[in-house]
Each structure stands twice: as C-alpha cells, then as structure tokens.
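Undergrad: The numbering of the sequence shown is our numbering, which starts it at 31 and goes up by one. Note that beta-carbon positions come from the ideal geometry of N, C-alpha and C, so glycine has one too. I am attaching a structure below and will ask some questions about it afterwards.
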Amino acid sequence: MATRAVEVNTAVPALSAERQVIWPKRAKAKLSNGLEIILVESHTIPKFHGELFFRSGNAAAIDRGPGLAEITASVVRTGTAKRASRQIEEDLRRLGADLASSAGADTSAISFAGLSAFAEPLLRMVNELAREASFPEPEFERERRQKLEQVKLQRTEPGFLAGERLRRVLFGAHPYAQVAPSEEQVVAYKRDDLMGVYREFYAPENALLILVGDFQPSAMLKSIENVFGPWQGKKPETKTAAAPANPRGRRVYLVHVPGAVQTQILAGCHAITRKHPDWVKLGLTNSLYGGAFNSRLVMNIREDKGYTYSPRSGVNAFRQHGYFSVSAAVRNDVVAASLTEIFYEIDKLRSLPVPANELSDAQNYLSGVFSLGLATQDGLLSQLATAAVNELPDDYLETYRDKVRALTPDDLLATARKYLDSANMQIVIVGDRAQIASQAALLKSTTLRASAWTNAKRSQIIDLSKYRMHNHPAMLWR
31 MATRAVEVNT
41 AVPALSAERQ
51 VIWPKRAKAK
61 LSNGLEIILV
71 ESHTIPKFHG
81 ELFFRSGNAA
91 AIDRGPGLAE
101 ITASVVRTGT
111 AKRASRQIEE
121 DLRRLGADLA
131 SSAGADTSAI
141 SFAGLSAFAE
151 PLLRMVNELA
161 REASFPEPEF
171 ERERRQKLEQ
181 VKLQRTEPGF
191 LAGERLRRVL
201 FGAHPYAQVA
211 PSEEQVVAYK
221 RDDLMGVYRE
231 FYAPENALLI
241 LVGDFQPSAM
251 LKSIENVFGP
261 WQGKKPETKT
271 AAAPANPRGR
281 RVYLVHVPGA
291 VQTQILAGCH
301 AITRKHPDWV
311 KLGLTNSLYG
321 GAFNSRLVMN
331 IREDKGYTYS
341 PRSGVNAFRQ
351 HGYFSVSAAV
361 RNDVVAASLT
371 EIFYEIDKLR
381 SLPVPANELS
391 DAQNYLSGVF
401 SLGLATQDGL
411 LSQLATAAVN
421 ELPDDYLETY
431 RDKVRALTPD
441 DLLATARKYL
451 DSANMQIVIV
461 GDRAQIASQA
471 ALLKSTTLRA
481 SAWTNAKRSQ
491 IIDLSKYRMH
501 NHPAMLWR
C-alpha cells in the first residue's frame, strides 16, 4: 500500500502587530499629613490590590544593625494595640483578604489584596499595623529564632555566599555592602531596636499608598482620608552614607566550601539606578547578553556547551547606586572555561554592533514581558510602584515600549562599552578550593579591549593567574 507524503509547513509565523496598551485612569493625591496616594481603576475583577510603601529600609537602619528593617516588617503584622496575631488572621479570612509585610535595602512595605466590597475594613487594618503595631514579645522572639535559622541556612547556599561577597567588594563601607546579618547580630537584636525603627520609618510623610482595582477613585479617596487622615509622623532625616568602593582591575575572590560538587560563579561591576537616562538602554543590552532565556550567554554556556543549567545576568538597582552582575553554577571542571565564555560574550557585545534581527527579537521580548506585566491588577500595581518609588517621569510607563523600539545597534554598542565594565569586573568563585583553585593557573592573561577584539580571540583563555586571589580567612566560609 502506497504511503502518501504529507508536506509540513515549518516556517515560523510572523508576529502580529503589537497591541496598544490602554492605560487606566490614574488619580494622584496627597493628604495633609504628607501621605502620597496613587489610585488606578481596573474593573477586570471585583477586587483591589494595594501597597503601603515607606521610603526607608535596611540601608537606613544600618547604623543600628544589618537587617533590622526586614525583621521589623516581619513583626509588624503579628499584633497591634487592638488585635492579637490570631485575631488579625481571623479578620483577614473573614474579609477574604491577604496581607504581608516586607522590607528591602531602600523600602519597607505592607502589601494587601481583597474584595472591593470590603475595602475600608482592610484599609483600617493596614492603618492599624502602620500606626499601632505592638511588637508582642513572644512574636518578636519567634521571628528572631526564625531569622537565626534563615541566616544559618543562607550561609550553606553558594548563591547567597557569592552575592554577599560581591556586594562587600563593590560597596565597601556603604550600607549596600550588607546583605544579611550574622548569627551574632541576630542574637543581639532587641525588641526596642525594632520599635525604634518602626517609630522612625513608619510615618505618613515617609509613605506612599498605591491602590489598583475595582473602585471609583473619588469614593476610594474619601475612604482613605477617613482611615489615614488622623495619622501623624515626620519624614526621617536623611543620613549621609560612605561612598561605595571603587575596585579597579579584575580580581578573583575564592569562597571555600569543602566538598562542593559544583562551583558558583558571580561577577559584577558598578552600574546605574533606574532614574538614570540610560536605564532602558542598559536593560535591553542586558537582555541580549544574559537577561533572557534566548540570550547570548544562555545559548553559549547552556545550549552549546552544557556547562550550566541556568546562567543569567541582571542590572540590580538600588536608590543611590546600582550594579551589573552575571552568574552561573557550573561543574567544577569547567570553571575556567565558563569564565572564558562569560567574558567572551561581554567583550563581543562591547566590540561589534548587534545584528538587526537579534536586536528585533530582544526588543520584542522586552516589550512583550512588559506588556504581560500589565495584564493583572497585581502586575499593574508592581509596574506603577516601580515608577513611583523610584520617582520616574510621569510618562515612563506609557513611553517605555516606544523607547525600547527606538534603540539602535549603535546605542547598544555604546551602552555595553560604557557599563559592561569588562576590565574591572570583580569575580567571586564559591566552591571547593582543591577542585577549582588550580584552574586559575590555566587562564591566560588579557583584558579584551573592544578596539582589539576579533573572532580569533575566542581561542584565548582569560588569564586569572596575574590577578590577586583573595582568599584570606575573612573571605572563607566553612
């Protein structure tokens, strides 16, 4: 019986035209006590999402101890002058609501979501936590014990150890150098320390309230005024921080983890904050290099060579400073080879214009991810919060996709040369010294300069043997 051949069309269909984003109405207001408010209508579901931000975090409390703003936020939701922890949880279930508190380097926040019909009771609970948190002693002790276990666990994780070391190298005496407290510092925490941070940071003049959801802004604003209007408190004084470190030349920092079966690589250099005019350019450059799943770094050391499962790069922005980083967890026997390819891709991006089709793919990806982030109330809140907390221009979100689309190969070449500082990248290697230290001798010297880069350079191996290996006891974790 004859077999009939079937033709299969393997051509990739062309992308359809990008859909226009219909931006919801935004209303801004400021109460007499200084509380800033942003209200955004989104009637997709009968819910609303909100976040109450405070413009102070771990960095602002560093003189009292690392991580104090974070543990303060954890204890804030465990009780108030009117409700014990269990009552808070029962009230949240009754309202069909969620609530969490958190803190990072530059901000603290209370985030929440619930049915629009019960908006005012939920806002009253948020107001209560922001003004009347009681810091019950048993809850404080429980959170401190949990933090202590977290710190112990973190220092068994190569990724954490690498990040902690890189931040210290890049930021030196600046508060951003501190990623987490030590065990001894957590043990030394006092309830009064947390209450001091709370009284200083949780104030209306230091706060921003953003709500996105199914409500009418005018009615919601009246509820907010009723709930938050009586709240009083001044903005904390701005403290002067030490300048970050300025390490020059590539240096390798070895963090010894005996018996590690793979090695964590993390390299980085100083970059910019979100307020910088080049932020969108650097974001697209990073996406091409290692910030997307089809990026050059992923295609090279994951797909082509199989050195690692998930290499990635990122631009990490704080309020005052930022840094670029690239990471990969690799087999012990390919540490030198992986570093070779990491710097090969950086220096290639610094040397040759990006082909038009590759640039177009990266623009489609970045624009698409941005658009997907606007599809839900929570996603829209996240985008609005990023713009508001970082004090970006009012039209930043509306013009973002157009700015991405307008970038050219020359823009990205200039951006890579300016911010992917190959010559001064600091390299942290976390692994078993016996397995990886000898590979430093295999690496052949050069700082690949953009003007001299050619395809022939690919066969060279970057020489770390002339770099200083920083492995004194303060830099080793056992």
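Taking the alpha carbon of L54 as the point to measure from, which residue in L178, E428, F83 has its own alpha carbon closest?
TA: Position 24 of the sequence shown holds residue 54. Here residue 54 turns out to be Pro, not Leu, going by the sequence shown. Cα-wise, what sits closest to P54 is E428.
Undergrad: Using only the alpha-carbon positions, how far apart do V345 and K265 sit?
TA: Locating residue 345 in the sequence shown gives position 315, where the first residue counts as 1. Locating residue 265 in the sequence shown gives position 235, where the first residue counts as 1. Rounded to the nearest angstrom, the two C-alpha atoms are 29 Å apart.
Undergrad: Does DSSP put D244 in a helix, in a strand, or in coil?
TA: Mapped onto the sequence shown, residue 244 falls at position 214. The answer is coil: DSSP assigns D244 none of H, G, I, E or B.
Undergrad: Near D451, what residues of its chain come up, given a Cβ to Cβ distance below 6 Å and the 5 sequence neighbours on each side ignored?
TA: What you label residue 451 is simply residue 421 of the sequence shown in a count that begins at 1. C299.
Undergrad: Between L443 and G313, what straight-line distance do the alpha-carbon atoms span, to the nearest angstrom?
TA: Taking the sequence shown and counting its residues from 1, the one referred to as residue 443 is at position 413. Taking the sequence shown and counting its residues from 1, the one referred to as residue 313 is at position 283. One C-alpha to the other measures close to 13 Å.
Undergrad: Going straight from the alpha carbon of G403 to that of N324, what length do you get?
TA: Taking the sequence shown and counting its residues from 1, one reaches residue 403 at position 373. Taking the sequence shown and counting its residues from 1, one reaches residue 324 at position 294. The alpha-carbon atoms of G403 and N324 are separated by roughly 19 Å.
Undergrad: Please work out which residues of its chain come closer than 8 Å, Cβ to Cβ, to Q456, disregarding the five sequence neighbours upstream and downstream, and give them in chain order.
TA: Locating residue 456 in the sequence shown gives position 426, where the first residue counts as 1. Closer than 8 Å at Cβ, skipping near neighbours: L196, V199, L200, P277, R280, R281, Y283, A297, G298, C299.
Undergrad: Tell me the start and end of each unbroken alpha helix (DSSP H) in the segment 306 to 354 that is at least 4 residues and wholly inside, in chain order.
TA: Taking only runs of at least 4 residues, the alpha helix (DSSP H) segments lying wholly in the segment 306 to 354 are 309 to 316.
Undergrad: Here's a check: name, in chain order, each residue in its chain whose Cβ is nearer than 7 Å to the Cβ of F400, leaving out the five neighbours to either side.
TA: Position 370 of the sequence shown, counted from the first residue, corresponds to residue 400. For F400, where only same-chain residues beyond five positions count, the Cβ hits under 7 Å are Y430, R431.
Undergrad: Give the straight-line distance between the Cα atoms of L239 and E66, rounded to the nearest whole angstrom.
TA: By 1-based counting over the sequence shown, the position of residue 239 is 209. By 1-based counting over the sequence shown, the position of residue 66 is 36. Taking the straight line joining both Cα atoms gives about 6 Å.
Undergrad: In this structure, how does DSSP classify R281 when only helix, strand and coil are distinguished?
TA: For the purposes of this step, residue 281 is identified with residue 251 of the sequence shown, where counting begins at 1. R281: strand per DSSP, three-state reduction.
Undergrad: Taking the alpha carbon of P122 as the point to measure from, which residue in N394, A133, F148 has its own alpha carbon closest?
TA: Here residue 122 refers to the residue found at position 92 of the sequence shown. Position check: residue 122 holds Leu in this sequence, whereas Pro was assumed. Nearest option by C-alpha distance: F148.
Undergrad: In chain order, what residues of the same chain have a beta carbon less than 8 Å from the beta carbon of E150, not counting five sequence neighbours either side?
TA: As a position in the sequence shown, residue 150 is number 120, starting the count at 1. Same-chain partners within the cutoff: S253, N256, V257.
Undergrad: What's the call for A267, buried or exposed, on a 16-neighbour Cβ count within 10 Å?
TA: The count along the sequence shown starts at 1 and reaches residue 267 at position 237. A small fix is needed here, since residue 267 is Glu in this sequence, not Ala. Exposed, because fewer than 16 other Cβ atoms sit within 10 Å of the Cβ of E267.
Undergrad: Using a Cβ-Cβ cutoff of less than 7 Å, which residues in the same chain neighbour S146 once the five nearest sequence positions on both sides are dropped?
TA: The count along the sequence shown starts at 1 and reaches residue 146 at position 116. The answer, listed in chain order, is P76, K77, F78, G243, D244, F245.
Undergrad: Pick helix, strand or coil for K177, following the three-state DSSP scheme.
TA: As a working mapping, residue 177 is identified with position 147 in the sequence shown. Here K177 sits in helix by DSSP.
Undergrad: My assumption, with CB atoms under 8 Å, is that V285 sits in contact with L191. Please give the rounded CB distance.
TA: Your numbering for residue 285 matches position 255 in the sequence shown. Your numbering for residue 191 matches position 161 in the sequence shown. So it is a contact: roughly 5 Å between Cβ atoms.
Undergrad: If you reduce the DSSP assignment to three classes, tell me which class F400 lands in.
TA: Taking the first residue of the sequence shown as 1, we reach residue 400 at position 370. In this structure, F400 counts as helix in the three-state DSSP scheme.
Undergrad: Please name the residue in S343, V360, E81, A436 whose C-alpha comes closest to that of D408.
TA: For the purposes of this step, residue 408 is taken as residue 378 along the sequence shown, with counting starting at 1. Looking at the Cα atoms, E81 is the closest of the given residues.
Undergrad: Check the DSSP bridge columns for F559 and list the partner residues they point to.
TA: Past the edges of the chain, shown from 31 to 508, lies residue 559, and the structure says nothing about it.
Undergrad: What is the rounded straight-line gap between the Cα of N362 and the Cα of G134?
TA: For the purposes of this step, residue 362 is taken as residue 332 along the sequence shown, with counting starting at 1. For the purposes of this step, residue 134 is taken as residue 104 along the sequence shown, with counting starting at 1. In a straight line, the C-alpha of N362 is about 33 Å away from that of G134.
Undergrad: Any idea what DSSP makes of G409, helix, strand or coil?
TA: Here residue 409 refers to the residue found at position 379 of the sequence shown. If DSSP states are grouped into helix, strand and coil, G409 belongs with the helices.
Undergrad: Give every residue of the same chain whose Cβ lies closer than 6 Å to the Cβ of R508, excluding the five residues on either side of it in the sequence, and list them in chain order.
TA: Here residue 508 refers to the residue found at position 478 when the sequence shown is read from its first residue. Legend: pLDDT at R508 = 23, less than 50; position of this residue unreliable, no value from coordinates given.
Undergrad: Have a look at T186, Q208, G109, S212 and flag the residue whose alpha-carbon is nearest the alpha-carbon of E162.
TA: The residue given as residue 162 occupies position 132 in the sequence shown. Checking every option, the nearest Cα to that of E162 belongs to G109.
Undergrad: According to DSSP, simplified to helix, strand and coil, what is G259?
TA: Your numbering for residue 259 matches position 229 in the sequence shown. Coil.
Undergrad: Indicate the three-state DSSP secondary structure (helix, strand or coil) for I376 in the structure shown.
TA: On the sequence shown, residue 376 is found 346 positions in, with the first residue counted as 1. Here I376 sits in helix by DSSP.
Undergrad: For a quick check, are the C-beta atoms of V51 and Y232 less than 9 Å apart?
TA: Within the sequence shown, residue 51 is the residue found at index 21, counting from 1. Within the sequence shown, residue 232 is the residue found at index 202, counting from 1. Cβ distance not < 9 Å, so V51 and Y232 don't count as in contact.
Undergrad: Taking 9 Å as the cut-off, decide whether the C-beta atoms of I92 and Y219 are in contact.
TA: Residue numbering aside, residue 92 sits at position 62 when the sequence shown is read from its first letter. Residue numbering aside, residue 219 sits at position 189 when the sequence shown is read from its first letter. Result no, Cβ atoms of I92 and Y219 do not sit closer than 9 Å.
Undergrad: Comparing C-alpha positions only, which one of P341, K335, K305, R332 sits nearest to N316?
TA: Counted from its first residue, the sequence shown places residue 316 at position 286. The shortest Cα separation from N316 among P341, K335, K305, R332 belongs to P341.
Undergrad: Go ahead and label Y339 buried or exposed: buried means 16 or more other beta carbons lie within 10 angstroms of its beta carbon, across all protein chains shown.
TA: In the sequence shown, the residue the question calls residue 339 occupies position 309. Exposed is the call here.
Undergrad: Contact defined as beta carbons within less than 8 Å: I believe R304 pairs with N420. What is the distance between those atoms, to the nearest angstrom?
TA: Locating residue 304 in the sequence shown gives position 274, counting from the first residue. Locating residue 420 in the sequence shown gives position 390, counting from the first residue. Contact holds; Cβ gap of about 4 Å.
Undergrad: How should A22 be labelled, buried or exposed, when 16 other C-beta atoms within 10 angstroms of its C-beta is the threshold for buried?
TA: Because the chain spans 31 through 508 in this model, residue 22 falls outside it and cannot be assessed.
Undergrad: Kindly indicate which three-state DSSP category R431 falls into: helix, strand or coil?
TA: For the purposes of this step, residue 431 is identified with residue 401 of the sequence shown, where counting begins at 1. Helix.
Undergrad: In whole angstroms, what separates the C-alpha of L410 from that of T416?
TA: Here residue 410 is taken as the residue at index 380 of the sequence shown, counted from 1. Here residue 416 is taken as the residue at index 386 of the sequence shown, counted from 1. Computed Cα separation, rounded: 10 Å.
Undergrad: Could you tell me the distance, in whole angstroms, from the CA atom of E25 to the CA atom of N63?
TA: Missing from the structure shown is residue 25; the chain here goes from 31 to 508 and no further.
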